[in-house]
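Novice: Quick one: structure below, then a few questions.
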Amino acid sequence: MSVENNILKNGFVDKKVDEGLDVIEEINKLKKEKNAVILAHYYQTGDIQDIADFVGDSLALSQKAAETDADIILFAGVHFMAETAKILAPNSKVLIPDLNAGCSLADSCPPEEFKKFVEAHPDHLVISYVNTTAEIKTLTDICCTSTNALKIVESLPKDQKIIFAPDRNLGSYIKRMTGREEMLIWNGACHVHEEFSLEAILELKKEYPNAKVISHPECEKPIQLVSDFVGSTAALLKFTNTDDNKEYIVATESGILHQMKKQNPEKNYIVAPPKDSTCGCNDCNFMKLITINKMYNTLKYETPEVKLSDDIISKARKSIDVMLDMSKKLNL
Ligand code: 13P
Ligand code: SF4
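For what it's worth, this note's numbering labels the leading residue of the sequence shown as 104, then goes sequentially.
If you want it as structure tokens, here you go:
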């Protein structure tokens, strides 16, 4: 199949989709023709989650990429996730519908500065959250996600010195849970999860006194402290599935509500409000750059593609493989 290489404008295929075209049907046709698989993160819009072959959090998506034999992975998520898929499935062509789908957390850890920090602490084990560039992963001993970070740190000897990067809130959560006061934490953060307002959550609690507050560990400490449950996106979903409460105030990206409502439609989910009530910032603007039409164009023209050198792939893969092995042993 010939591929047009010069149709990328501003990081995506900026082509109008013919009116009247059933885009979802076309995506499904192209998927079969090209032996492609669609992986989508829980923070994608509901329509995208519904056409994906697999929807999950960062850990589950990495595990899925590691086991795929698809020729093409169409990744509906952000760039570091597509990079992780490429590292784990180097023989597949990995496509991302918009190269601008970055991540403020990954950006908060520039490789040059991080390299210096790691070199200044040669006796420390480097644990980095998957929300980092491939280059940071090459400087990392163990990669982690919010689903396995706590268990991974807990499984290490108490006297093991650790650098944890890049999320300061997940890092301080792990510090609090494990009592590892000596852990060095990189000062990075996600602009979406840091935007939730404690005041507004407490106000909402007055309106919905029976609602449980559930939050992601990327949220700031005060939000975590007023939460009935703190966990990764997948853990929050599991909690609403197994818990017998009927109402939740949810402090994470609003895309997860699609799965929560799908899996337990009889329950009530209220998105925790952001500090700036006008900004709609409990939606990740990067995640929401992906649209069904961009997915169609990307699959059709097989661009933009995520490319990494063999050297980066082999160096970055080590830390991800350690994570996947540990996750298997820890039953995650
Ligand atoms: P998880 O998918 O590990 O919950 O991470 C949340 C996130 O912010 C992804 O970008
Ligand atoms: Fe990055 Fe935050 Fe968006 Fe996740 S929600 S992709 S951590 S900016």
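Cβ atoms here follow ideal geometry from the backbone N, Cα and C, with glycine treated the same way. Just so we're clear, the structure is a prediction, and the values are computed from it rather than from any experiment.
Please confirm whether any heavy atom of the ligand SF4 lies closer than 6 Å to the CB of valine 181.
Specialist: yes
Novice: Look at glutamine 147 and glycine 358 and say whether their C-beta atoms are less than 7 Å apart.
Specialist: The answer is yes: Cβ separation under 7 Å.
Novice: Could you please give me the residues that DSSP links to asparagine 371 through a beta bridge?
Specialist: Glu350
Novice: Write down every uninterrupted run of the alpha helix (DSSP H) in the segment 169–257 whose length is 4 residues or greater and which is fully enclosed by it, in chain order.
Specialist: If we require 4 residues or more, the alpha helix (DSSP H) runs fully inside the segment 169–257 come out as 182–191, 207–210, 214–222, 237–241, 252–257.
Novice: Verify the contact flag: phenylalanine 342, CB atom, against every heavy atom of the ligand SF4, threshold strictly below 6 Å.
Specialist: When distances are taken from the beta-carbon of phenylalanine 342 to the heavy atoms of the ligand SF4, even the shortest one reaches 6 Å or more.
Novice: Please determine whether the Cβ atom of threonine 336 lies at a distance below 6 Å from any heavy atom of the ligand 13P.
Specialist: Yes, the ligand 13P has a heavy atom inside 6 Å of this Cβ.
Novice: Flag this pair as yes or no: are the beta carbons of asparagine 203 and glycine 114 separated by less than 7 Å?
Specialist: Cβ distance < 7 Å, so asparagine 203 and glycine 114 count as in contact.
Novice: For the candidate residues Val116, Asp117, Asp156, whose alpha-carbon lies nearest to that of isoleucine 127?
Specialist: Asp156
Novice: Specify, as a first and last residue, the run of the alpha helix (DSSP H) that valine 139 falls within.
Specialist: Going by the sequence as given, residue 139 is alanine instead of valine. Per DSSP, alanine 139 lies in no alpha helix (DSSP H); the unbroken beta strand (DSSP E) holding it starts and ends at 139–144.
Novice: Run through the DSSP bridge pairs and tell me what leucine 287 is partnered with.
Specialist: Ile266
Novice: Using DSSP with H/G/I as helix, E/B as strand and the rest coil, what is valine 409?
Specialist: coil
Novice: Could you check the C-alpha separation between lysine 370 and isoleucine 317 for me, to the nearest Å?
Specialist: 14 Å
Novice: Using only Cβ atoms and a threshold of 7 Å, which residues come within that distance of a heavy atom of the ligand SF4? Order them by chain position.
Specialist: Tyr146, Val181, Cys206, Ser207, Leu208, Ala209, Asn234, Cys293, His294, Val295, His296, Glu321, Glu356, Cys387, Phe389, Met390
Novice: Measuring alpha carbon to alpha carbon, tell me which of Glu216, Asn234, Glu222, Ile110 ends up nearest phenylalanine 389.
Specialist: Asn234
Novice: Specify, as a first and last residue, the run of the beta strand (DSSP E) that serine 496 falls within.
Specialist: Within the shown structure, residues of the chain are numbered from 104 to 435, placing residue 496 beyond reach of any answer.
Novice: Please go through the same chain and pick out, in chain order, the residues whose beta-carbon is closer than 7 Å to the beta-carbon of histidine 361, but skip the five residues on each side of it.
Specialist: Gly149, Gln152
Novice: Just the Cα atoms here: how many angstroms apart are serine 105 and proline 260?
Specialist: Reliability fails at serine 105, whose pLDDT of 45 lies under 50, so the model's placement of it is uncertain and the value that follows must be treated cautiously. C-alpha separation (whole angstroms): 53 Å.
Novice: Give the secondary structure of serine 105 by DSSP, where H, G and I count as helix, E and B as strand, and everything else as coil.
Specialist: Below a pLDDT of 50, predicted positions are generally treated as unreliable, and serine 105, at 45, falls in that range; the measurement from the model is reported next regardless. When DSSP states are grouped into helix, strand and coil, serine 105 belongs to the coil group.
Novice: Does the distance from the C-beta atom of serine 258 to that of proline 376 stay below 7 Å?
Specialist: Contact: no.
Novice: Does the beta carbon of asparagine 138 come closer than 7 Å to any beta carbon on chain D?
Specialist: The displayed structure is made up of one protein chain only, and chain D is not part of it.
Novice: Can you find the residues in the same chain that come closer than 7 Å, C-beta to C-beta, to serine 430, ignoring five residues on each side of it along the sequence?
Specialist: The residues are Leu162, Asn251.
Novice: Could you tell me whether any non-hydrogen atom of the ligand 13P is closer than 6 Å to the CB of aspartate 160?
Specialist: For the ligand 13P, at least one heavy atom lies less than 6 Å from the Cβ of aspartate 160.
Novice: According to DSSP, simplified to helix, strand and coil, what is glutamate 128?
Specialist: helix
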